[in-house]
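Below is one structure, written out as structure tokens, with a few remarks after it.
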Amino acid sequence: MSDPVKSTTGQGTRRAAQARATRRRITDAARELFLRQGYASTTLDQIAAGAGVAVQTVYFHFGNKATVLKEIVDVLSVGDDEPIPMLDRPWVKRVRDEPDGRRALAIWLANSRIIFGRVAPIMKIVRDAAGADAEMAAQWETNQNQRFLAHHTLARQLADKQALRPDLSTEEAADVIFTMVSFEVYLLLTGVRGWTPDQWEGWINKILAAAILR
1 MSDPVKSTTG
11 QGTRRAAQAR
21 ATRRRITDAA
31 RELFLRQGYA
41 STTLDQIAAG
51 AGVAVQTVYF
61 HFGNKATVLK
71 EIVDVLSVGD
81 DEPIPMLDRP
91 WVKRVRDEPD
101 GRRALAIWLA
111 NSRIIFGRVA
121 PIMKIVRDAA
131 GADAEMAAQW
141 ETNQNQRFLA
151 HHTLARQLAD
161 KQALRPDLST
171 EEAADVIFTM
181 VSFEVYLLLT
191 GVRGWTPDQW
201 EGWINKILAA
211 AILR
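Throughout the sequence shown, residue numbering follows UniProt numbering, covering 1 to 214 in sequence.
Next comes the structure, spelled out in structure tokens:
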């Protein structure tokens, strides 16, 4: 005789996995459409068709187009759809545990290059849509606040390692990192000026080390 508890648990696990796979199909289809034709021109019907689901399924999982885009940004920022915040990721722990400030900064920037490579194109869409769409403006502000929190965390860790310049406060260092390690600067150099991501990483490493470290 089967165990009803195990059976129910197994069904729940399968349903959760199916729901997660459906969300991924929806966000993958939406990302392709957003990048190809822009946020404003993309409809939920088009996203549903691209994902091979009914539009009601998109509404059920996300409610609206802005929430779909938010999920895309969140997933691209960390690289997967696991419910683990960026600041709890293993590479951030490596930064925290590295005693040398220059090596800690280099680890952070190497991972920033990887993150920007995934998320910068979609963040350009969020930024461009923010001027005419209140939800996108709120999304852009949220992303900026999250980015500052991450960079303030880095500045505080560098201060704890006694790696910051003595004439620079943690807040000032956070402001410098936040400004320089930005989507805007990354896109200017890699998108407008044709730099490779590796070139950007080498440059930002030298610039930031000179600006904030002893």
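Just so you know, even glycine gets a beta-carbon here, dropped at the ideal spot from N, CA and C. Quick caveat, the model's predicted, so the values are computed rather than measured.
field: Spatial distance of R214 from N111 (CA atoms)
entry: On the sequence shown, position 214 is the one that residue 214 refers to. On the sequence shown, position 111 is the one that residue 111 refers to. Cα-Cα distance, rounded: 22 Å.
Contact check, Y39 vs A120, beta carbons under 7 Å: What you label residue 39 is simply residue 39 of the sequence shown in a count that begins at 1. What you label residue 120 is simply residue 120 of the sequence shown in a count that begins at 1. With respect to A120, Y39 sits apart: the two C-beta atoms are not nearer than 7 Å.
- prompt: Three-state secondary structure (DSSP) at L105?
  reply: Reading the sequence shown from its first residue, position 105 is the one you call residue 105. The answer is helix: DSSP assigns L105 an H, G or I state.
- prompt: How should A150 be labelled, buried or exposed, when 16 other C-beta atoms within 10 angstroms of its C-beta is the threshold for buried?
  reply: Here the question's residue 150 lines up with position 150 in the sequence shown. Buried.
- prompt: Under the three-state reduction of DSSP, which class applies to L164: helix, strand or coil?
  reply: Your numbering for residue 164 matches position 164 in the sequence shown. In the structure shown, L164 sits in a strand (DSSP, three-state: E or B).
message: If we require 4 or more residues per run, which alpha helix (DSSP H) segments fall completely within the stretch 135 to 210?
response: Counting only runs of 4 or more, we get 170 to 180, 183 to 187.
message: Using DSSP's beta-bridge definition, name the partner residues of L213.
response: For the purposes of this step, residue 213 is taken as residue 213 along the sequence shown, with counting starting at 1. Answer by DSSP bridge pairing, in chain order: L164.
field: Contacting residues, own chain, Cβ-Cβ under 8 Å from A137 (five flanking each side not counted)
entry: Translated into the one-based positions of the sequence shown, residue 137 becomes position 137. Correct list, in chain order: A130, G131.
message: Just verifying my parser: in three-state terms, what is the DSSP assignment at Y59?
response: By 1-based counting over the sequence shown, the position of residue 59 is 59. Residue state, collapsed to three classes: helix.
Inter-stretch contact at 8 Å, needing at least 3 Cβ pairs: the stretch 20 to 38 / the stretch 71 to 84: yes
message: At the level of alpha carbons, what is the spacing between T57 and A48?
response: The sequence position of residue 57 within the sequence shown is 57, counting from 1. The sequence position of residue 48 within the sequence shown is 48, counting from 1. Cα to Cα, the separation comes out at about 8 Å.
- prompt: Roughly how many angstroms separate the alpha carbons of E32 and K93, rounded to a whole number?
  reply: In the sequence shown, counting from the first residue as 1, residue 32 sits at position 32. In the sequence shown, counting from the first residue as 1, residue 93 sits at position 93. If you take the alpha carbons of E32 and K93, they lie about 32 Å apart.
task: Compare the C-alpha of residue 280 against each of L109, S169, L188 and name the closest.
output: Residue 280 cannot be examined here, being either before or after the span of the chain that is shown, 1 to 214.
query: Under 7 Å, do I125 and F34 count as touching if we go by C-beta distance?
result: Counting from 1 along the sequence shown, the entry for residue 125 is found at position 125. Counting from 1 along the sequence shown, the entry for residue 34 is found at position 34. The answer is yes: Cβ separation under 7 Å.
message: Which runs of the alpha helix (DSSP H) at least 4 residues long sit entirely within the UniProt domain "HTH tetR-type" (20 to 80)? Give them in chain order.
response: 44 to 51, 55 to 62, 65 to 78
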